[in-house]
Structure formats: C-alpha cells, structure tokens
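Participant:
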Amino acid sequence: LSKLPPSIQKWIAQAEEKTKDNTRLHLIVAVSYSGKYDITKACRSIAQKVKDGLTQVEDVNEELIERELETKCTQFPHPDLLIRTSGEVRISNFLLWQVAYTELFFSRALWPDFG
65 LSKLPPSIQK WIAQAEEKTK DNTRLHLIVA VSYSGKYDIT KACRSIAQKV
115 KDGLTQVEDV NEELIERELE TKCTQFPHPD LLIRTSGEVR ISNFLLWQVA
165 YTELFFSRAL WPDFG
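Just so we're aligned: the sequence shown equals residues 65 to 179 in my numbering.
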C-alpha cells in the first residue's frame with residue numbers, strides 16, 4: 065500500500081476496519097502485483113530452505129508453496145470468481161496460482177463503473 069497516495073491508503077484502511085469482521089465474502093484488489101513474480105519468489109524461498117536443510121525436497125507440495133506465496137493463500141480461500149473489467153479478456157498475471165479453478169467473468173465496464 066505504501067506505493068499509493070495517502071488519501072487512498074486512508075480509504076483502504078477505513079474499508080478494512082469497517083469490514084474486518086466480515087467472513088462470507090473476500091474482495092482482492094491487486095495493485096502492483098505479479099503472479100509470476102509471486103510464484104518465482106516462493107520457489108526461490110523453498111529452494112533456499114532445502115539448501116539450508118530446513119526442509120526436504122520430498123516435503124515440497126501445494127500447501128508449502130501456498131504458504132510461501134506473498135498472497136499467503138492459507139489465510140483466505142482461492143477466489144470462486146474473478147471479475148476482469150475494462151474489456152480485456154485475459155487474467156493479466158493476476159493470482160496465477162490461485163485462479164486454477166476460478167470462474168472468470170469479463171466485462172467491458174471500467175472498475176469504477178462496475179456494479
């Protein structure tokens with residue numbers, strides 16, 4: 065969030081505070097995020113742990129990878145639905161690991177007008 069203007073950081077903090085007890089739906093907004101980078105970083109972290117003897121190659125599985133992702137997949141469920149606005153019909157490097165079984169919806173509307 066540090067890359068965003070202070071006014072937007074404040075708005076996000078207020079939204080998080082208002083919805084902190086909500087458990088039914090999760091909204092993920094990706095800002096300056098790369099799914100490929102996230103997966104690569106997780107793989108490097110796991111490789112280093114194997115090299116350092118902290119884990120074994122046999123222990124590398126989906127759960128371990130998910131724990132190493134920046135998005136911390138173990139803290140929230142994988143998306144059921146990905147809504148891509150703006151008319152683009154691609155996922156654009158967004159949550160590549162997490163959207164393996166996600167339903168995709170593409171809309172021509174821009175994000176501020178979606179609803």
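The C-beta atom is built at its ideal place from N, Cα and C for all residues, glycine as well.
All figures in this text were calculated on a predicted structure; none of them were measured in a lab.
1. In whole angstroms, what separates the C-alpha of G179 from that of S171?
2. Quick test of your reading: D144 and T119, contact by CB under 8 Å. State the CB separation rounded to the nearest angstrom.
3. Please name the residue in S150, D123, V163 and F140 whose C-alpha comes closest to that of R88.
4. What does DSSP give as the partner residues of I147 in its beta bridges?
5. Classify P117 as buried or exposed, calling it buried when 16 or more other Cβ atoms lie within 10 Å of its own Cβ.
6. Is it buried or exposed, Q73, if we count other Cβ atoms within 10 angstroms and call 16 or more buried?
7. Can you name the start and end residues of the alpha helix (DSSP H) that Y101 belongs to?
Facilitator: The answer reads as follows:
1. As a working note, residue 179 is residue 115 in the sequence shown. As a working note, residue 171 is residue 107 in the sequence shown. So the alpha carbons of these two residues sit roughly 10 Å apart.
2. For the purposes of this step, residue 144 is taken as the residue at position 80 of the sequence shown. For the purposes of this step, residue 119 is taken as the residue at position 55 of the sequence shown. Rounded to the nearest angstrom, the Cβ distance from D144 to T119 is 31 Å, too far for a contact under 8 Å.
3. Within the sequence shown, numbered from 1, the residue matching residue 88 stands at position 24. Nearest of S150, D123, V163 and F140 to R88, Cα basis: F140.
4. Within the sequence shown, the letter at position 83 stands for residue 147. F169, per the DSSP bridge assignment.
5. Taking the sequence shown and counting its residues from 1, one reaches residue 117 at position 53. Checking the sequence, you will find Gly at residue 117 rather than Pro. Result: exposed.
6. Within the sequence shown, the letter at position 9 stands for residue 73. Classification of Q73: exposed, given that the 10 Å Cβ count is below 16.
7. Numbered from 1 along the sequence shown, position 37 holds the residue referred to as residue 101. For Y101, the uninterrupted alpha helix (DSSP H) run begins and ends at G99 to K115, by DSSP.
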